[in-house]
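Engineer:
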């Protein structure tokens with residue numbers, strides 16, 4: 009799955025999690041200040057990502073995640089590791 | 692005065708932990724179970740999230756429980772975090788405003804193997820108000836929430852947001868464990884708020900009963916268990932939270 013496709017799926021999960029339409033999700037957007045996600049939203053999103061992609065994301069891996077692009081980086085690395 | 696020197700924080704935290712351990716050994720603990728289950732339960736059979744107010748955070752010391760406590764990521768949380776580590780609690784750093792999502796992920800991971808202990812008004816309040824993190828964690832983990840009310844016969848109260856309780860030596864502590872509340876895994880935003888209010892009401896109710904029993908004695912219809920200091924089996928909780 010390429011980066012663009014990953015971003016599309018992430019946007020869908022984001023919409024399911026928050027119940028809000030997200031037509032424009034940019035990689036530079038901050039999860040909290042840009043997208044308005046609170047701790048409950050972020051937790052729910054991570055759970056959905058883990059269920060959808062069958063990967064495990066540890067809390068330590070989220071420490072440096074601030075933007076959509078950061079989250080995609082983590083997810084892409086996880087998928088690459090599980091494929092390899 | 693705020694402590695900022697890491698070496699000083701380490702020393703103060705160690706001394707404080709020793710004092711807390713000795714201090715709490717003098718407090719007489721009673722556990723009142725409102726339903727058929729015995730709490731804290733055997734985590735190998737069934738796991739729960741035990742929820743009580745932040746002001747009673749000293750009480751898990753009595754259970755010698757390995758619990759994980761959620762402590763603010765702000766600078767003033769470091770001393771408390773180190774005291775908790777010396778007391779044998781696991782520590783998860785985060786709050787509603789900083790690192791809360793990561794903290795919930797870590798607690799969720801712990802929920803697969805142990806009980807969780809959660810102070811849902813912490814780490815920064817408002818006092819005795821349940822934040823939704825507890826509810827979403829219970830929903831996604833599948834662990835029922837046991838609302839716990841804790842009260843002391845005699846205690847000093849700090850001037851902090853939670854009016855943190857320090858029981859007086861040789862005073863009585865009563866823990867009332869309410870009936871477990873199961874939260875559906877696919878609960879939506881409205882459902883979250885409904886369950887948040889339900890858990891909050893049950894915790895307030897259990898606290899009120901604990902306060903009444905702590906002040907007025909323990910006679911009545913409840914099953915009361917006396918927990919001798921130091922003899923409680925370790926709760927298989929935590930390496931797991933709050």
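Residue numbers (the working numbering), protein chains in the order written: chain A, 9 to 92; chain B, 692 to 933. C-beta atoms are modelled at their ideal positions from N, C-alpha and C, and glycine is treated no differently. Note that this is a predicted model, so its numbers are computed, not measured.
1) Does the distance from the C-beta atom of residue 830 (chain B) to that of residue 774 (chain B) stay below 7 Å?
2) Between the region 696–716 of chain B and the region 814–832 of chain B, do at least 3 Cβ pairs fall closer than 8 Å?
3) With a threshold of 8 Å, are at least 3 pairs of Cβ atoms found where one atom belongs to the region 866–874 of chain B and the other to the region 722–730 of chain B?
4) Mind listing, in chain order, the continuous alpha helix (DSSP H) runs of no fewer than 4 residues lying wholly within the region 25–72 of chain A?
5) Write down the C-beta distance between residue 742 (chain B) and residue 865 (chain B) rounded to the nearest angstrom, noting that I regard them as a contact closer than 8 Å.
6) Nearest chain B C-beta to residue 50 (chain A) closer than 7 Å, yes or no?
7) Thinking C-beta only, is residue 781 (chain B) closer than 7 Å to residue 793 (chain B)?
8) Can you find the residues in the same chain that come closer than 7 Å, C-beta to C-beta, to residue 912 (chain B), ignoring five residues on each side of it along the sequence?
9) Only counting the same chain, and skipping five residues up and downstream in sequence, which positions put a Cβ closer than 7 Å to that of residue 790 (chain B)?
10) Does the region 853–862 of chain B come close enough to the region 813–822 of chain B that 3 or more CB-CB pairs lie under 8 Å?
11) With a threshold of 8 Å on Cβ separation, who are the neighbours of residue 875 (chain B) within its own chain once the five nearest residues in sequence on each side are excluded?
12) Taking 7 Å as the limit between beta carbons, can you name the residues of its chain near residue 77 (chain A), skipping five residues before and five after?
13) Provide the residue span of the alpha helix (DSSP H) that contains residue 754 (chain B), from first to last.
14) Cβ atoms of residue 802 (chain B) and residue 834 (chain B): under 7 Å apart, would you say?
15) With DSSP run on the structure shown, which of helix, strand or coil describes residue 827 (chain B)?
16) Over the uninterrupted alpha helix (DSSP H) stretch that includes residue 714 (chain B), give me the two end residues.
17) Check whether the Cβ atoms of residue 905 (chain B) and residue 844 (chain B) sit closer than 7 Å, and answer yes or no.
18) What number of angstroms, rounded off, separates the C-alpha of residue 902 (chain B) from the C-alpha of residue 759 (chain B)?
19) May I ask you to report which of helix, strand or coil DSSP gives residue 734 (chain B)?
20) Under a Cβ-count criterion, where at least 16 other Cβ atoms within 10 Å of its own Cβ denotes burial, should residue 67 (chain A) be classed as buried or exposed?
21) Which whole-angstrom value describes the C-beta separation of residue 87 (chain A) and residue 51 (chain A), a residue pair presumed to lie in contact below a C-beta threshold of 8 Å?
22) For residue 719 (chain B), tell me which candidate among B:861, B:894, B:895, B:900 has the shortest Cα-Cα distance.
23) Within a Cβ cutoff of 8 Å, which residues of the same chain sit near residue 83 (chain A), ignoring the five residues on either side of it in sequence?
24) Are the C-beta of residue 817 (chain B) and some C-beta of chain A separated by less than 7 Å?
25) Who pairs with residue 949 (chain B) in a beta bridge, going by DSSP?
26) For residue 711 (chain B) and residue 778 (chain B), I'd like the C-alpha separation in whole angstroms.
27) Cα separation between residue 39 (chain A) and residue 33 (chain A)?
28) Does residue 759 (chain B) have its Cβ less than 7 Å from a Cβ in chain A?
29) Let me know the secondary structure DSSP gives residue 759 (chain B) once reduced to three states.
30) Please check if any C-beta of chain B sits within less than 7 Å of the C-beta of residue 55 (chain A).
31) Taking residue 796 (chain B) as part of the alpha helix (DSSP H), name the residues at either end of that continuous run.
Structural biologist: The short version:
1) no
2) Output reads no: the region 814–832 of chain B does not touch the region 696–716 of chain B.
3) yes
4) Listed in chain order, the complete alpha helix (DSSP H) runs (minimum 4 residues) inside the region 25–72 of chain A are 47–61.
5) About 16 Å; that fails the 8 Å criterion.
6) yes
7) no
8) Unreliable positioning characterises residue 912 (chain B) in this predicted model, as indicated by a pLDDT of 49, which lies under 50. The coordinate reading is nonetheless provided below. Taken in chain order, the list of residues that qualify is empty.
9) Cβ within range, chain order: 764, 784.
10) yes
11) 830, 882
12) 35, 36
13) Following the DSSP letters along the chain, one finds residue 754 (chain B) inside the alpha helix (DSSP H) bounded by residues 751–754.
14) In this structure, residue 802 (chain B) lies closer than 7 Å to residue 834 (chain B) by Cβ.
15) helix
16) The continuous alpha helix (DSSP H) containing residue 714 (chain B) extends over residues 697–716.
17) yes
18) 25 Å
19) coil
20) The residue in question, residue 67 (chain A), is buried, as its Cβ has 16 or more Cβ neighbours within 10 Å.
21) No, residue 87 (chain A) and residue 51 (chain A) are not in contact; Cβ-Cβ is about 21 Å, not under 8 Å.
22) B:861
23) In its chain, beyond the 5 residues on either side, 14, 18, 57, 61, 63, 65 have a beta carbon closer than 8 Å to the beta carbon of residue 83 (chain A).
24) no
25) Examination of residue 949 (chain B) is not possible in this model, given that chain B is present from 692 through 933 alone.
26) 8 Å
27) Their backbone Cα atoms lie some 10 Å apart in a straight line.
28) no
29) Looking at residue 759 (chain B) - three-state DSSP - the assignment turns out to be strand.
30) With respect to chain B, the C-beta atom of residue 55 (chain A) has a partner C-beta closer than 7 Å.
31) 791–801
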